[in-house]
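Visitor: Under our numbering, think of the first position of the sequence shown as 448, with each following residue one higher.
The beta-carbon is built from N, C-alpha and C at its ideal position, and this holds for glycine as well.
The structure presented is a predicted model; accordingly, all values stated were derived computationally and were not measured.
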Amino acid sequence: ANNFSQSALAYSFGTAVQQTHLTQKVIAAQISGDLFNTWAGPVSVAAGGEYREDGAHGTADPISSALRFFTSGGAAINGDMNVKEGFVEVGVPLARDMPFLHSLDMNGAVRVTDYSVSGSVTSWKVGGTWEPAPQFRLRVTRSRDIRAPNIFELYAPTSTSFQTVMDPAKGQAFVLPLSILGGNANLKPETANTFTIGGVLSPDFWGLNRLRLSVDYYDIKLDGAISTLGSQVIVNLCHQGQTALCANVERDAGGNLVSISNVNLNLNRLITRGIDIEAQYRFPLGDGNVMLRAMATHMIELTTATPTGSVINRAGQNGSPTSAPSGVPDWQVNTSVGYEGARFASQLQARYISAGTRDNTLIGPEQTGYRNTLPNSTNTNHIRAYWYLNANAQYDLLKDGNRSLQIFGAINNLLNQDPPPAPSSFGPTNNVLYDVLGRTYRIGVRFAY
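1. Quick test of the definition: if touching needs 3 or more C-beta pairs under 8 Å, does the region 826–833 touch the region 851–863?
2. Just to confirm, are residue 527 and residue 561 a CB contact at a threshold of 9 Å?
3. I need the boundaries of the beta strand (DSSP E) containing residue 644, first residue and last residue.
4. Would you tell me roughly how many angstroms separate the C-alpha atoms of residue 889 and residue 786, rounded to the nearest one?
5. Let me check one thing: in DSSP terms, what residues is residue 795 bridge-paired to?
6. Pairing CB atoms from the region 729–739 with CB atoms from the region 752–770, are three or more of them under 8 Å?
7. Considering Cα atoms alone, identify which of 695, 555, 658 and 668 is closest to residue 719.
8. Hey, which unbroken runs of the beta strand (DSSP E) at 3 residues or more fall wholly within the region 721–756?
9. Pull the bridge partners of residue 571 from the DSSP assignment, please.
10. Mapping the DSSP letters down to three states, classify residue 704 as helix, strand or coil.
11. Going by beta carbon distance, what residues of the same chain come within less than 6 Å of residue 798, once the five residues before and after it are set aside?
12. With distances taken Cα to Cα, identify the nearest neighbour of residue 842 among 896, 758, 790 and 464.
13. Determine the DSSP secondary structure at residue 524, reduced to helix, strand or coil.
14. Taking only three categories from DSSP, how would you classify residue 813?
15. To the nearest angstrom, how far is the alpha carbon of residue 570 from that of residue 585?
16. How about residue 556 and residue 548: are their beta carbons less than 9 Å apart?
17. Which residue from 590, 497, 461 and 530 puts its Cα closest to that of residue 512?
18. Considering only the alpha carbon of each residue, which of 704, 588, 715 and 823 lies closest to residue 553?
19. If residue 568 sits next to residue 593, beta carbons under 8 Å apart, how far is it from one beta carbon to the other, in whole angstroms?
20. Considering only C-alpha positions, which residue in the set 607, 880, 636 and 846 is nearest to residue 870?
21. Quickly, what does DSSP pair residue 898 with across the bridge? List them, please.
22. In three-state terms, what does DSSP make of residue 464?
23. In three-state terms, what does DSSP make of residue 451?
24. Pick helix, strand or coil for residue 859, following the three-state DSSP scheme.
25. Any idea if residue 746 is buried or exposed, counting beta-carbon neighbours within 10 angstroms, 16 or more meaning buried?
26. Can you tell me whether residue 767 is buried or exposed, with buried defined as 16 or more other CB within 10 angstroms of its CB?
27. Assign residue 512 to one of three DSSP states: helix, strand, or coil.
28. Is residue 506 near residue 523, with beta carbons less than 9 Å apart?
Here it is as structure tokens:
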């Protein structure tokens with residue numbers, strides 16, 4: 448320990464510095480109103496246009512600029528883009544107060560967008576809502592949507608991180624000192640075909656007049672999705688004969704992995720399908736009301752199809768592997784029970800994350816077909832289901848016109864659950880899904896006068 452010279456210390460360590468200056472200029476105008484009335488109601492129209500300029504410019508220290516840090520160096524960005532767009536939207540009522548046609552409406556929109564970096568694209572949508580009765584409403588939408596690459600996806604400078612990669616050619620793991628990340632100035636806009644259909648139930652019978660339930664199904668097929676494949680996927684596909692990706696893999700004279708370029712790409716297709724469910728029920732209690740609420744998302748599919756023909760479904764992947772796309776759990780449920788009175792209010796929240804895998808490109812002993820001789824085998828690929836409990840309460844000491852005094856408190860992660868070990872680019876776990884702090888408390892005072 449401490450057996451080093453100052454020159455060795457100065458050579459081995461340094462301070463990464465990054466400065467980024469973001470600017471945006473926007474001018475926009477829109478107009479809306481009713482064109483005329485039909486027997487079912489007014490036809491409404493909205494139209495508008497916008498011009499935007501975005502810029503990102505910055506500097507980094509010399510060591511970072513030379514990619515000499517082992518990981519987490521600074522990154523200097525330099526890029527500009529502008530956007531011109533115009534839109535028109537129309538809402539048309541078709542029926543009102545008829546048998547099985549309490550209401551029927553159609554709506555549509557068209558938007559033309561011109562990006563300085565990738566040219567013009569057109570997006571549109573058409574949809575409708577039908578209420579056969581006041582208690583039930585159906586809705587459906589079909590649309591073509593676009594998203595252009597942002598400045599960071601286009602112009603993010605090259606940066607590095609370390610990552611453990613299993614080399615299928617060698618049958619052993621390497622800790623890469625250079626997993627190279629960065630932007631891609633040749634990216635094109637993403638285009639998506641989106642279909643959604645759902646219904647809302649608000650009954651006023653059988654004592655269920657305080658219930659509201661909605662269920663929506665979505666199916667999105669995204670072409671040219673902007674993402675990264677992940678270093679492990681790149682080296683696997685190269686080994687399997689996808690020669691186009693072998694240019695992203697660098698080896699030394701002995702055939703050992705040296706670096707993998709994992710920059711943004713317009714991947715062939717991203718398909719996501721799922722169901723969103725929301726229910727709430729309110730009833731009076733004392734001088735206040737009790738609210739029961741539940742929101743759930745079921746991910747059916749989250750498939751990435753690459754230009755090389757490989758297909759990876761990351762539905763059910765709870766991990767966020769280092770330098771690779773994140774997945775989404777099969778189920779996420781957020782429930783709460785709350786009370787709101789004249790002066791006192793409280794809520795208990797329960798959040799559920801279903802069990803899943805650490806990485807859907809790996810296979811562990813918990814999965815069918817596992818063999819420890821497989822190049823993508825791992826000692827475990829399972830993350831158990833998690834429940835998180837949170838609680839909060841508040842009490843109004845004073846409510847008098849513009850004057851108020853309130854005390855409040857909250858406890859997050861009531862059961863003090865540790866997150867699962869699932870290494871990611873952000874640390875030892877997927878901190879988007881799992882709490883990394885443990886039980887935390889907060890208490891405070893709000894006042895106005």
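Guide: By the coordinates alone:
1. At 8 Å Cβ cutoff, the stretches do not touch.
2. It is not a contact, given that the beta carbons lie outside the stated cut-off.
3. 637–648 is the extent of the beta strand (DSSP E) around residue 644.
4. Straight through space, the alpha carbons of residue 786 and residue 889 are spaced by roughly 19 Å.
5. DSSP output for residue 795 lists 784 and 838 as bridge partner(s).
6. When C-beta atoms of the region 729–739 are compared with those of the region 752–770, fewer than three pairs fall below 8 Å, so the two segments do not count as touching.
7. The candidate whose alpha carbon is nearest that of residue 719 is 668.
8. Counting whole runs of 3 or more residues, the region 721–756 contains the beta strand (DSSP E) stretches 735–752.
9. Partner residues in the beta bridge of residue 571, as assigned by DSSP, are 557 and 591.
10. Residue 704 carries a strand assignment under DSSP once its states are collapsed to helix, strand and coil.
11. The beta carbon of residue 798 sits closer than 6 Å to those of 781 and 835, all from its chain and outside the five residues before and after it, given in chain order.
12. It is 790 whose Cα lies nearest to the Cα of residue 842.
13. Assigned with DSSP and collapsed to three states, residue 524 falls in coil, not helix or strand.
14. If DSSP states are grouped into helix, strand and coil, residue 813 belongs with coil.
15. About 24 Å.
16. No, the Cβ-Cβ distance between residue 556 and residue 548 is not below 9 Å.
17. The shortest C-alpha separation from residue 512 is found at 461.
18. The option with the nearest alpha carbon to residue 553 is 588.
19. Residue 593 and residue 568 do touch by the CB rule: their CB atoms are close to 5 Å apart, below 8 Å.
20. Of all alpha-carbon atoms in 607, 880, 636 and 846, the one lying nearest the alpha-carbon of residue 870 is that of 880.
21. Since the displayed the chain opens at 448 and closes at 896, residue 898 lies outside it and no answer follows.
22. Three-state result, residue 464: coil.
23. In this structure, residue 451 counts as coil in the three-state DSSP scheme.
24. Strand, per DSSP.
25. Residue 746 sits buried, since 16 or more C-beta atoms from the chains shown fall within 10 Å of its C-beta.
26. Its Cβ being crowded by 16 or more others within 10 Å, residue 767 is buried.
27. Residue 512 sits in a helix when the DSSP states are folded into three classes.
28. Cβ distance < 9 Å, so residue 506 and residue 523 count as in contact.
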